[in-house]
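Presented below is the structure to which this report refers.
Residue numbers (this note's numbering), protein chains in the order written: chain X, 125 to 720; chain R, 272 to 427.
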């Protein structure tokens, strides 16, 4: 955007903005709210919903403010009688094609179209319902995502998300006119196409057309069954997101209140995925060092760079798009699945609970985790390791259903064992966090010293740049790591599948020479996950990241290998990282899937 | 290589691998095959490095890029307002009874598919019938049947 300033008037108030600014953004600068539906801060301009129309003096037609750049001397009216009437008609037209059965909708109370209908006091049918409900299709084939065409207003935010942010394009606009739909290749069910279950489309859908598959009833039933011991684990990013759905501003850390709420709801054991995040670092860090040793000392052909495997959306993306690079993925299960495998073995044994009577629930910022827990590989405990996955949003619903006044709760602590964690585990929730946690531990294992960054903050791997790179010089190593003396460890981090796609193309072409790559499927990492509170934007994700790093700094332990419960599990149960038992319970394999 | 694979590769060779080639490649397939099969769209997606959904989205936008199997000859009757007022319903009725198929269907011998079309730009000479690429303006029910019979004789 140029530095040249353009002068205009919005509702008779003068304002100067940079050339290229839209009327929408210029008006926002003066605190004039213009409603939008198809527009989204993360996506390209579409200009198709028309609710943002404004009057421009001298123009014959109303202009879509999201798609019209300002010009010198322009006079804009954002809320004239003509504008309000047109907007009301636009909303009424959208509703004439919309299944407005709001009270039964999963998005009831969180729907942008419902909000607008309420604001504009839309009354009885003005327009005839054009598209008959029999033409509308409900797709619940995916364990993660529910797609209901009867609620779709065809704003195409989901299509742009899937293409621009995720480079997947599982969704496309199909047919035209009154036959137009958002659909898949040959209208196949979502579970038969390249969908990675990342749920980014859900985060941006303005209506209830795209939502998570909910398992609230199943979880309540388990809690209400006295014969079941219901265990819950909470992912790192849930504690900094949950507050947004319960009355807090973005960036509020609600860890202690969340733990208290989970106990009130009736979970029998309230545990932390962060424990297995620390464990992941032990396993994955050891795996990386082992791969490096095999490559550098033994001269074996080993798949490098090694890539992280915590993000199930990213894993499915890789299985579809880059099956030739599956050997590069760490064999470590995600922290959720490590937790699931251990809770029905190690935890059950320690606590004297029959795993047959255990129900394992996880609260995740993620919709892909709902798919992951049902993968056939994820039954190493002899049972399905994780039974149900709820999103951060679903947990907020549970808190409300339980009649809990969340803000007034006193902080509580996680149960033990498998409830203790370090700051290294918390930062798994932000892009670059797994890398930072791994470096904090691996560097110390190899050299016996802390990573050479002030207060353990490895700044080059933090932030929202699409692809980040960092190099760490390894010097004065311990004798057993002599082969790494003087080596420069080269790492890269990508977040959002579009960036991952770019990075993978470079790896495949051999133009990238990294040792270790972290990829998170969602923009910003898990804090921007498809199961996090809606709305999302770069500003909101920044606030969540700040909260995550503050949580890390506030913890007494900030390196995974210092977690006493991790030391204990290796002593009592697992033996050593990459040992026989780890191999059985904590590691997995991947399978090629069709891109087409 | 299957026939369709060869066809797609030849078309991509001719038009190039850029996104802009999608339309001419799809048109080229329809010219040979009469429709775009699932297999052919997947081939195109692979060759042009696009998602299959994107190829289907483009194909399904255009009436003349069919995604269902069609007969050797495609008969289209303009259904829009001028041709409607000039009696397109009588033409359709005559063709349906003589060809023994309904609009949207293909004959058993796969020689004909009967479809309607949006405005073909012949409003001044309606009703109009299109057989493959040939326009028959000011058509009558009798003439329409004769034209189809000629095509039936000439296409083995």
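We treat Cβ as the ideally placed atom computed from N, Cα and C, and that holds for glycine.
In chain X, which residues lie less than 9 Å from residue i when you measure between Cβ atoms?
| i | result |
| --- | --- |
| residue 332/R | 297, 298, 299, 300 and 304 |
| residue 304/R | None at all; the shortest Cβ gap to chain X is about 16 Å. |
I need the straight-line Cα distance from residue i to residue j, nearest angstrom please.
| i | j | result |
| --- | --- | --- |
| residue 366/R | residue 282/R | 35 Å |
| residue 123/X | residue 493/X | The requested residue 123/X is not part of the displayed model; chain X covers only 125 to 720. |
| residue 363/X | residue 541/X | 19 Å |
| residue 662/X | residue 647/X | 9 Å |
| residue 537/X | residue 501/X | 32 Å |
| residue 594/X | residue 637/X | 12 Å |
| residue 649/X | residue 619/X | 6 Å |
| residue 369/X | residue 303/X | 36 Å |
| residue 389/R | residue 320/R | 32 Å |
| residue 559/X | residue 520/X | 30 Å |
| residue 432/X | residue 676/X | 21 Å |
| residue 513/X | residue 376/R | 47 Å |
| residue 137/X | residue 174/X | 24 Å |
| residue 350/X | residue 391/X | 11 Å |
| residue 371/R | residue 190/X | 53 Å |
| residue 329/X | residue 132/X | 33 Å |
| residue 148/X | residue 656/X | 27 Å |
| residue 693/X | residue 505/X | 16 Å |
| residue 503/X | residue 710/X | 11 Å |
| residue 180/X | residue 197/X | 11 Å |
| residue 713/X | residue 153/X | 51 Å |
| residue 323/X | residue 295/X | 12 Å |
| residue 309/R | residue 342/X | 38 Å |
What does residue i reach in chain X if we use C-beta pairs closer than 7 Å?
| i | result |
| --- | --- |
| residue 313/R | 720 |
| residue 328/R | 296, 297 and 298 |
State yes or no: is the beta carbon of residue i nearer than 7 Å to at least one beta carbon in chain R?
| i | result |
| --- | --- |
| residue 308/X | yes |
| residue 293/X | yes |
Which whole-angstrom value describes the C-beta separation of residue i and residue j, a residue pair presumed to lie in contact below a C-beta threshold of 8 Å?
| i | j | result |
| --- | --- | --- |
| residue 483/X | residue 354/X | 5 Å |
| residue 569/X | residue 409/X | 7 Å |
| residue 350/R | residue 387/R | 4 Å |
| residue 170/X | residue 162/X | 5 Å |
| residue 293/X | residue 286/X | 6 Å |
| residue 564/X | residue 548/X | 6 Å |
Compare the C-beta of residue i with all C-beta atoms of chain X and state if any pair is closer than 7 Å.
| i | result |
| --- | --- |
| residue 422/R | no |
| residue 388/R | no |
| residue 322/R | yes |
| residue 276/R | no |
| residue 316/R | yes |
| residue 375/R | no |
| residue 339/R | no |
| residue 309/R | yes |
Excluding the 5 residues preceding and the 5 following residue i in the sequence, name in chain order all residues of the same chain whose CB lies nearer than 8 Å to its CB.
| i | result |
| --- | --- |
| residue 267/X | 315, 321, 337, 494, 495 and 498 |
| residue 672/X | 360, 361, 364, 550, 551, 553, 554, 557 and 651 |
| residue 686/X | 546 |
| residue 334/R | 388 and 389 |
| residue 627/X | 591, 616, 618, 636, 641 and 643 |
| residue 481/X | 351, 352 and 353 |
| residue 156/X | 134, 135, 202 and 203 |
In chain R, which residues lie with their C-beta within 8 Å of the C-beta of residue i?
| i | result |
| --- | --- |
| residue 317/X | 323 and 324 |
Note down, in chain order, every chain C residue with its Cβ under 8 Å from the Cβ of residue i.
| i | result |
| --- | --- |
| residue 299/R | Absent from the structure: chain C. Protein chains present are X and R. |
Say yes only if the C-beta of residue i is nearer than 6 Å to one or more non-hydrogen atoms of the ligand MG, and no if none qualify.
| i | result |
| --- | --- |
| residue 494/X | Looking for the ligand MG in the displayed structure turns up nothing, as the structure carries no ligands at all. |
Can you give me the Cβ contacts of residue i inside the same chain, cut-off strictly under 7 Å, excluding the 5 residues immediately before and after it?
| i | result |
| --- | --- |
| residue 414/X | 702 |
| residue 158/X | 148, 151, 176, 178, 189 and 202 |
| residue 474/X | 541 |
Within a Cβ cutoff of 6 Å, which residues of the same chain sit near residue i, ignoring the five residues on either side of it in sequence?
| i | result |
| --- | --- |
| residue 464/X | 484, 509 and 510 |
| residue 226/X | 232 and 238 |
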